[in-house]
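Q:
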Amino acid sequence: MKLLLIEDNVAMQTTLQRSFSRLGMQVVVCGDGTRALDRWRASVPDVVLLDLSLPGQDGLAVLAAARAEGLDTPVLIVTARGTVGDRVLGLNTGADDYLAKPFDLDELEARVRALSRRRLGNASSSTAADKPMFCGLRADPANGVCYLQGQAMDLSSREAALLRALLVRPGHATAKEKLSGLVFPGESDVMPDAIEVVAYRLRKKLAATPARLVTLRGLGYLLREGD
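Count along the sequence shown from 1, add 1, and you get the number used in the working numbering.
Rendered as structure tokens:
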């Protein structure tokens, strides 16, 4: 089992990494909210342990961006924010479970294993039809990877984020502002035309496929089948 631990407290990082590693689990650690989404995409975890109070970007913002991208890894929020309101907000944002600090390590381990079993059960009952293709393109919500005819595409993280967003509704335009938020999550100093650069690069990589990335002035971008 691979865990992604998004936690900025070094002592907590060390304790949890040591505890889960002793159980034979692989633990990937990230302590910065602005880098958490990239690590999530890259590590392809089975379960995410997420703190809410993170430097750079709040944990809830990280979770919301991940769910908007289609990343469906089970998430267990582990935080000092333990009020009922905090738990409700976390679960409504997309968390699968919530554990307030301080906690018992045995309980944390049990909850992690329960989320992993649930994920395996869902995966075993799913079929390829659950991940529809468009012009041979498909995005896997579990790991964020984009595929062309079953082969993983060579895309940057931003190009993949843009393609995933457009594959949600092929043939329907998505506003540049919304796409920019998904491609550059948590980045406040992004230039207005930055999304155009990513779209240009992605369009070149789609040239050999039946899909076309189309710009609609005033509306945004969409994917359509080429002529």
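A virtual CB, placed ideally from N, CA and C, is assigned to each residue, including glycine.
Is residue 58 helix, strand or coil when you go by DSSP?
A: Residue numbering aside, residue 58 sits at position 57 when the sequence shown is read from its first letter. Looking at residue 58 - three-state DSSP - the assignment turns out to be coil, as it is neither helix nor strand.
Q: Among the residues of its own chain, which have a CB less than 7 Å from the CB of residue 112, if the five just before and after it don't count?
A: Position 111 of the sequence shown holds residue 112. For residue 112, where only same-chain residues beyond five positions count, the Cβ hits under 7 Å are 77, 98 and 100.
Q: Between the C-alpha atoms of residue 50 and residue 25, what's the straight-line distance to the nearest angstrom?
A: For this step, residue 50 is matched to residue 49 along the sequence shown. For this step, residue 25 is matched to residue 24 along the sequence shown. Computed Cα separation, rounded: 17 Å.
Q: Can you tell me where the beta strand (DSSP E) with residue 98 in it begins and where it stops?
A: Translated into positions along the sequence shown, residue 98 becomes position 97. Counting along the chain, the beta strand (DSSP E) containing residue 98 begins and ends at 98-101.
Q: Sort 226, 212 and 197 by Cα distance to residue 218 and report the nearest one.
A: Position 217 of the sequence shown, counted from the start, is the residue given in the question as residue 218. Comparing Cα positions, the closest option is 197.
Q: Beta-carbon separation of residue 214 and residue 202 under 8 Å?
A: Against the sequence shown, residue 214 aligns to sequence position 213. Against the sequence shown, residue 202 aligns to sequence position 201. Going by C-beta atoms, residue 214 is not nearer than 8 Å to residue 202.
Q: So, helix, strand or coil for residue 169, using DSSP?
A: To locate residue 169, count along the sequence shown from 1; it is residue 168. The three-state reading of DSSP puts residue 169 in coil, since its state is none of H, G, I, E or B.
Q: For residue 138, count neighbouring C-beta atoms within 10 Å of its own C-beta (all shown protein chains included) and say buried if the count is 16 or more, exposed if not.
A: To locate residue 138, count along the sequence shown from 1; it is residue 137. Residue 138 is buried by the Cβ-count criterion.
Q: Alpha carbons only, please: which of 83, 105, 74 and 109 is nearest the one belonging to residue 96?
A: Mapped onto the sequence shown, residue 96 falls at position 95. Closest option to residue 96, Cα to Cα, is 74.
Q: Give every residue of the same chain whose Cβ lies closer than 6 Å to the Cβ of residue 29, excluding the five residues on either side of it in the sequence, and list them in chain order.
A: Position 28 of the sequence shown holds residue 29. Closer than 6 Å at Cβ, skipping near neighbours: 5 and 44.
Q: Which residues mark the beginning and the end of the beta strand (DSSP E) in which residue 94 is found?
A: For the purposes of this step, residue 94 is identified with residue 93 of the sequence shown, where counting begins at 1. Note, residue 94: premise wrong, no beta strand (DSSP E); alpha helix (DSSP H) at 85-94.
Q: Could you tell me the alpha carbon to alpha carbon distance between residue 82 and residue 8, rounded to whole angstroms?
A: Within the sequence shown, residue 82 is the residue found at index 81, counting from 1. Within the sequence shown, residue 8 is the residue found at index 7, counting from 1. The straight-line gap from Cα to Cα measures roughly 14 Å.
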